[in-house]
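To start, the structure itself, in C-alpha coordinates.
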Amino acid sequence: MINLSRRRWILGTAGVMVAGIGSQMLGGGVFATLAHATPPLASAVTMPDSFMALSKQLTGMDRLEPHLAQALYSWLHQSQNNAQLDSQLDTLSALITAHSGVVGDDLHQLLAQQPAELAQLYQQLVSGWYLGVVGQPGSQKCIGFENIVSYQLLKNNLLPPSYAPGEPNFWVNKPAALQQNSTEVIAHG
(Lines of atoms letter the chains of each structure in order from A and count residues from 1; the text may use other names and numbers.)
(Lines give C-alpha, C1' and ligand atoms only; values in the text may rest on other atoms or scores of the structure.)
Protein backbone atom coordinates (compact mmCIF):
# COMPACT_ATOMS: atom_id res chain seq x y z
CA MET A 1 0.00 0.00 0.00
CA ILE A 2 1.23 3.47 -0.82
CA ASN A 3 1.76 5.75 2.16
CA LEU A 4 0.19 8.99 1.00
CA SER A 5 0.55 11.77 3.50
CA ARG A 6 -1.49 14.93 3.39
CA ARG A 7 1.56 16.90 2.26
CA ARG A 8 2.24 14.52 -0.69
CA TRP A 9 -1.41 14.59 -1.69
CA ILE A 10 -1.52 18.42 -1.70
CA LEU A 11 1.76 18.67 -3.64
CA GLY A 12 0.56 16.09 -6.20
CA THR A 13 -2.77 17.84 -6.68
CA ALA A 14 -1.06 21.23 -7.03
CA GLY A 15 1.34 19.78 -9.62
CA VAL A 16 -1.52 18.41 -11.71
CA MET A 17 -3.34 21.76 -11.52
CA VAL A 18 -0.23 23.70 -12.55
CA ALA A 19 0.32 21.34 -15.50
CA GLY A 20 -3.30 21.74 -16.61
CA ILE A 21 -3.31 25.51 -16.31
CA GLY A 22 0.12 25.75 -17.97
CA SER A 23 -0.99 23.65 -20.92
CA GLN A 24 -4.05 25.87 -21.42
CA MET A 25 -1.91 29.00 -21.40
CA LEU A 26 0.43 27.59 -24.06
CA GLY A 27 -1.91 28.04 -27.00
CA GLY A 28 -5.12 26.24 -26.22
CA GLY A 29 -3.77 23.08 -24.75
CA VAL A 30 -0.61 21.29 -25.78
CA PHE A 31 -2.01 17.97 -24.60
CA ALA A 32 -5.21 18.42 -26.61
CA THR A 33 -3.18 19.24 -29.72
CA LEU A 34 -1.10 16.11 -29.31
CA ALA A 35 -4.09 13.92 -28.55
CA HIS A 36 -6.02 15.06 -31.62
CA ALA A 37 -3.17 15.26 -34.11
CA THR A 38 -4.03 13.83 -37.50
CA PRO A 39 -1.74 11.77 -39.68
CA PRO A 40 -0.01 13.78 -42.42
CA LEU A 41 -1.83 12.01 -45.26
CA ALA A 42 -5.24 12.46 -43.65
CA SER A 43 -4.93 16.22 -43.66
CA ALA A 44 -3.23 16.59 -47.04
CA VAL A 45 -6.32 16.79 -49.29
CA THR A 46 -10.07 16.48 -48.99
CA MET A 47 -11.38 13.24 -50.43
CA PRO A 48 -14.63 13.55 -52.43
CA ASP A 49 -17.54 11.22 -51.70
CA SER A 50 -17.37 9.94 -55.27
CA PHE A 51 -13.99 8.34 -54.47
CA MET A 52 -15.54 6.10 -51.81
CA ALA A 53 -18.44 5.25 -54.13
CA LEU A 54 -16.01 4.20 -56.89
CA SER A 55 -13.92 2.24 -54.38
CA LYS A 56 -17.01 0.35 -53.23
CA GLN A 57 -17.77 -0.46 -56.87
CA LEU A 58 -14.25 -1.78 -57.48
CA THR A 59 -13.92 -3.81 -54.28
CA GLY A 60 -17.50 -4.96 -53.89
CA MET A 61 -17.35 -4.11 -50.18
CA ASP A 62 -19.81 -1.83 -48.40
CA ARG A 63 -17.56 -0.93 -45.46
CA LEU A 64 -14.10 0.29 -46.43
CA GLU A 65 -11.43 1.58 -44.08
CA PRO A 66 -11.59 5.42 -44.20
CA HIS A 67 -7.92 5.88 -43.25
CA LEU A 68 -6.79 3.66 -46.12
CA ALA A 69 -9.15 5.52 -48.46
CA GLN A 70 -7.68 8.85 -47.41
CA ALA A 71 -4.11 7.57 -47.78
CA LEU A 72 -4.86 6.17 -51.24
CA TYR A 73 -6.62 9.32 -52.42
CA SER A 74 -3.85 11.53 -51.02
CA TRP A 75 -1.20 9.48 -52.81
CA LEU A 76 -3.17 9.64 -56.08
CA HIS A 77 -3.61 13.38 -55.61
CA GLN A 78 0.13 13.86 -55.13
CA SER A 79 1.23 11.58 -57.95
CA GLN A 80 -1.36 12.46 -60.62
CA ASN A 81 -2.25 15.68 -62.35
CA ASN A 82 -4.43 17.18 -59.62
CA ALA A 83 -6.80 18.93 -62.01
CA GLN A 84 -7.63 15.72 -63.90
CA LEU A 85 -7.81 13.23 -61.01
CA ASP A 86 -11.41 13.87 -60.00
CA SER A 87 -12.62 13.88 -63.62
CA GLN A 88 -10.72 10.61 -64.27
CA LEU A 89 -12.32 9.08 -61.17
CA ASP A 90 -15.76 10.14 -62.42
CA THR A 91 -15.02 8.73 -65.90
CA LEU A 92 -13.85 5.42 -64.44
CA SER A 93 -16.91 5.25 -62.21
CA ALA A 94 -19.22 5.88 -65.16
CA LEU A 95 -17.43 3.19 -67.20
CA ILE A 96 -17.68 0.63 -64.37
CA THR A 97 -21.37 1.49 -63.83
CA ALA A 98 -22.18 1.27 -67.55
CA HIS A 99 -20.50 -2.15 -67.77
CA SER A 100 -21.44 -3.55 -64.36
CA GLY A 101 -21.70 -7.14 -65.60
CA VAL A 102 -18.20 -7.11 -67.10
CA VAL A 103 -15.58 -8.74 -64.84
CA GLY A 104 -12.20 -10.45 -65.06
CA ASP A 105 -10.47 -10.60 -68.44
CA ASP A 106 -13.40 -8.91 -70.17
CA LEU A 107 -13.00 -5.92 -67.86
CA HIS A 108 -9.26 -5.78 -68.58
CA GLN A 109 -9.99 -5.84 -72.33
CA LEU A 110 -12.53 -3.04 -71.87
CA LEU A 111 -9.98 -0.97 -69.95
CA ALA A 112 -7.35 -1.64 -72.64
CA GLN A 113 -9.66 0.11 -75.12
CA GLN A 114 -9.80 3.21 -72.89
CA PRO A 115 -7.13 5.91 -72.54
CA ALA A 116 -3.97 4.64 -70.84
CA GLU A 117 -4.43 7.00 -67.87
CA LEU A 118 -7.81 5.43 -67.07
CA ALA A 119 -6.45 1.87 -67.13
CA GLN A 120 -3.49 2.95 -64.99
CA LEU A 121 -5.83 4.63 -62.49
CA TYR A 122 -7.84 1.42 -62.24
CA GLN A 123 -4.67 -0.60 -61.54
CA GLN A 124 -3.51 1.90 -58.92
CA LEU A 125 -6.88 1.81 -57.15
CA VAL A 126 -7.08 -1.98 -57.11
CA SER A 127 -3.46 -2.30 -55.99
CA GLY A 128 -3.97 0.26 -53.23
CA TRP A 129 -7.13 -1.36 -51.89
CA TYR A 130 -6.13 -5.03 -52.19
CA LEU A 131 -2.34 -4.90 -51.65
CA GLY A 132 -1.85 -1.66 -49.76
CA VAL A 133 0.95 -0.78 -52.19
CA VAL A 134 0.92 2.05 -54.72
CA GLY A 135 3.40 3.29 -57.29
CA GLN A 136 5.57 1.85 -60.00
CA PRO A 137 8.14 -0.90 -59.37
CA GLY A 138 11.21 0.66 -57.84
CA SER A 139 9.29 3.56 -56.32
CA GLN A 140 6.47 1.75 -54.57
CA LYS A 141 5.00 2.97 -51.32
CA CYS A 142 3.10 1.00 -48.68
CA ILE A 143 -0.03 2.87 -47.59
CA GLY A 144 -1.76 0.09 -45.66
CA PHE A 145 -1.24 -3.38 -44.27
CA GLU A 146 -3.67 -4.75 -41.70
CA ASN A 147 -6.65 -2.84 -43.08
CA ILE A 148 -6.38 -3.78 -46.78
CA VAL A 149 -9.33 -5.38 -48.56
CA SER A 150 -7.67 -8.75 -49.16
CA TYR A 151 -7.25 -9.26 -45.40
CA GLN A 152 -10.79 -8.11 -44.70
CA LEU A 153 -12.17 -10.67 -47.17
CA LEU A 154 -10.22 -13.53 -45.57
CA LYS A 155 -10.22 -12.54 -41.90
CA ASN A 156 -12.68 -15.27 -40.87
CA ASN A 157 -10.94 -18.03 -42.82
CA LEU A 158 -7.22 -17.26 -42.79
CA LEU A 159 -5.10 -17.37 -39.68
CA PRO A 160 -2.04 -15.15 -39.59
CA PRO A 161 1.29 -17.01 -39.68
CA SER A 162 2.47 -17.64 -36.15
CA TYR A 163 4.43 -19.96 -33.92
CA ALA A 164 1.42 -20.37 -31.62
CA PRO A 165 -0.11 -23.87 -31.56
CA GLY A 166 -3.67 -22.63 -32.15
CA GLU A 167 -5.75 -19.82 -33.55
CA PRO A 168 -5.36 -16.28 -32.14
CA ASN A 169 -6.38 -16.08 -28.46
CA PHE A 170 -6.69 -19.88 -28.23
CA TRP A 171 -5.64 -19.75 -24.58
CA VAL A 172 -8.78 -17.81 -23.57
CA ASN A 173 -10.98 -20.94 -23.55
CA LYS A 174 -10.25 -24.18 -21.75
CA PRO A 175 -9.18 -27.05 -24.02
CA ALA A 176 -12.01 -29.41 -25.04
CA ALA A 177 -10.59 -32.25 -22.90
CA LEU A 178 -10.77 -30.07 -19.77
CA GLN A 179 -14.27 -28.81 -20.55
CA GLN A 180 -15.59 -32.39 -20.56
CA ASN A 181 -13.82 -33.34 -17.35
CA SER A 182 -15.22 -31.53 -14.33
CA THR A 183 -12.01 -31.70 -12.27
CA GLU A 184 -10.03 -28.50 -12.16
CA VAL A 185 -6.37 -28.65 -13.15
CA ILE A 186 -4.05 -26.28 -11.34
CA ALA A 187 -1.11 -25.17 -13.50
CA HIS A 188 2.08 -23.73 -12.14
CA GLY A 189 3.36 -20.59 -13.86
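Numbering-wise (my numbering), the sequence shown opens with residue 921 and increments by one. All C-beta atoms, glycine included, are put in the ideal place defined by N, C-alpha and C.
_DSSP three-state assignment for V1053, whether helix, strand or coil_ = Stepping through the sequence shown from its first residue, residue 1053 is reached at position 133. Three-state DSSP puts V1053 in a strand.
*Less than 8 Å separating the beta-carbons of M979 and V1092?*
In the sequence shown, the residue the question calls residue 979 occupies position 59. In the sequence shown, the residue the question calls residue 1092 occupies position 172. The identity of residue 979 in the sequence shown is Thr, whereas the question assumes Met. Not in contact: T979 and V1092 (Cβ atoms no closer than 8 Å).
*Within this structure, are the beta carbons of V965 and S994 separated by less than 8 Å?*
If you number the sequence shown from 1, residue 965 lands on position 45. If you number the sequence shown from 1, residue 994 lands on position 74. Closer than 8 Å, so yes.
*Buried versus exposed, by CB contacts within 10 Å (16 or more), A991*: Residue numbering aside, residue 991 sits at position 71 when the sequence shown is read from its first letter. So A991 counts as buried.
_Quick check on DSSP: helix, strand or coil for K1061?_
Here residue 1061 refers to the residue found at position 141 of the sequence shown. Reduced to three states, the DSSP call for K1061 is strand.
*Note down, in chain order, each residue of its chain lying with its Cβ closer than 7 Å to the Cβ of L1027, except the 5 sequence neighbours on either side.*
By 1-based counting over the sequence shown, the position of residue 1027 is 107. Same-chain partners within the cutoff: there are none.
*H997 lies in the alpha helix (DSSP H); which residues open and close that run?*
The residue labelled residue 997 in the question sits at position 77 within the sequence shown. If you look at H997, you'll find it in the alpha helix (DSSP H) that goes P986 to S999.
*What separation, rounded to the nearest whole angstrom, lies between the Cα atoms of L1095 and G1024?*
For the purposes of this step, residue 1095 is taken as residue 175 along the sequence shown, with counting starting at 1. For the purposes of this step, residue 1024 is taken as residue 104 along the sequence shown, with counting starting at 1. Looking at the sequence itself, residue 1095 is Pro, so the reference to Leu does not match. Between P1095 and G1024, the C-alpha separation is close to 44 Å.
*Could you round the C-beta distance between L1005 and L996 to whole angstroms and report it? I think they count as a contact, below 8 Å.*
One-based indexing of the sequence shown puts residue 1005 at position 85. One-based indexing of the sequence shown puts residue 996 at position 76. In this structure L1005 touches L996 by the C-beta definition: roughly 6 Å separates them, less than 8 Å.
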